[in-house]
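Peer 1: Count along the sequence shown from 1, add 15, and you get the number used in my numbering. Beta carbons are placed, not taken as given, at the ideal position from N, Cα and C, and that holds for glycine. Here it is, the structure, as structure tokens.
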Amino acid sequence: TFAAIALPDRRRAEPVGADAVRFEQTAGGRTGVPAPRRVSHPPFVQFAAPLAWTTLTLTLHADGTQDFELAGASPFPRHWVYDTDGRLAVKSATIDYQRWSTAAFGRHTPWGDTDSPAFVSDVESALERELSLRIMRAGVKPKIRRLREGEHLTQQGERADDLFLLLDGVLQVDVDGKAIAEVGPGAVLGERAILEAGHRTASLTAVTRCTVAVADRGSVDLDALRAIAQAHRREDT
């Protein structure tokens, strides 16, 4: 057994205006298992495993309110932040194993002079979480699509009936040319075309590189799709 190696937590506090203070903490370390590999900075070879870390901030306001942020994170693995009741509150939207493996060491980390901003997304609903398991474990393995930044997954008005599960990345939702939302990993998409005469009701565009599972319409029952569709009528809000 190889014990993990924790690094000292990094903490700082600073005032935010006249009536708030912001606390920041970075925690992380690496596994004890050696990971020989080429890296992108001198000395160009590393034997110790890359570092993983999470940077959280908490801002306390004089009126008693508070807010938090996933301010930074290593590019891999995915980071999950829970509230005081144990509920998932926010998570990192993208993972990049290659960048993590080749760059997350030495001074290229918060223990040197670099943090990686975390691209965060809203948490998917409990129903979407359940449906994602059904889609990925269905009898027919879903196809996987990879999108470049700026590439369209769907275009409003086109005919189609595929169901999508966003596995990694962030998609922008546009209706009538207006951006109305961004969705992250775990989002189930495309259900309204299945339920509403086969036309896409929104355009979906990759904000980051994205990985999407494309499932057959029969992989999820219609009652579950109706419940998802009701929550996705963002243009009505």
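Does the segment 98-106 come into contact with the segment 132-151, if we say contact requires no fewer than three beta-carbon pairs (one atom in each stretch) closer than 8 Å?
Peer 2: As far as the Cβ criterion goes, the segment 98-106 touches the segment 132-151, which means the pair count is three or higher.
Peer 1: Which residue's Cα is closest to the Cα of A19: F59, A67, W95 and A35?
Peer 2: Taking only the C-alpha atoms, the option nearest A19 is A67.
Peer 1: Once DSSP output is grouped into helix, strand and coil, what is the label at S116?
Peer 2: S116 falls in the helix class under three-state DSSP.
Peer 1: I need the boundaries of the beta strand (DSSP E) containing R160, first residue and last residue.
Peer 2: Looking at the DSSP string, the run of the beta strand (DSSP E) that includes R160 is K158 to L162.
Peer 1: So, helix, strand or coil for D238, using DSSP?
Peer 2: DSSP places D238 in helix when its eight states are reduced to three.
Peer 1: Which ranges does the alpha helix (DSSP H) cover as unbroken runs of at least 4 residues, wholly within the segment 47-132, from first to last along the chain?
Peer 2: Those alpha helix (DSSP H) runs which fall completely within the segment 47-132 and span 4+ residues are 112-118.
Peer 1: Taking the straight line between their C-alpha atoms, what separation do you get for E206 and A239?
Peer 2: Taking the straight line from one Cα to the other gives about 10 Å.
Peer 1: Using the C-alpha atoms, what's the distance from V31 back to D260?
Peer 2: The structure shown does not extend to residue 260, since the chain spans only 16 to 252, so no value can be given for it.
Peer 1: How long is the line joining the alpha carbons of E213 and D111, rounded to whole angstroms?
Peer 2: Reading off the sequence, residue 213 comes out as Gly, not Glu. Roughly 35 Å separates the two Cα atoms.
Peer 1: Would you mind giving the Cβ-Cβ distance between S234 and L178, rounded to the nearest angstrom? I have them listed as a contact below 8 Å.
Peer 2: At roughly 7 Å, the Cβ-Cβ gap stays under 8 Å, so S234 and L178 are in contact.
Peer 1: For the beta strand (DSSP E) that R224 lies in, which residues bound it at each end?
Peer 2: Unbroken run through R224: none, as it is neither H nor E.
Peer 1: Considering only residues of the same chain and omitting the five flanking positions on each side of Q187, which have a CB-CB separation below 6 Å?
Peer 2: For Q187, where only same-chain residues beyond five positions count, the Cβ hits under 6 Å are A194, E197, T220 and V222.
Peer 1: Under three-state DSSP, which class holds A208?
Peer 2: Helix at A208.
Peer 1: Rounded to whole angstroms, how far is the Cβ of L180 from the Cβ of A230, which I believe are closer than 8 Å?
Peer 2: At roughly 6 Å, the Cβ-Cβ gap stays under 8 Å, so L180 and A230 are in contact.
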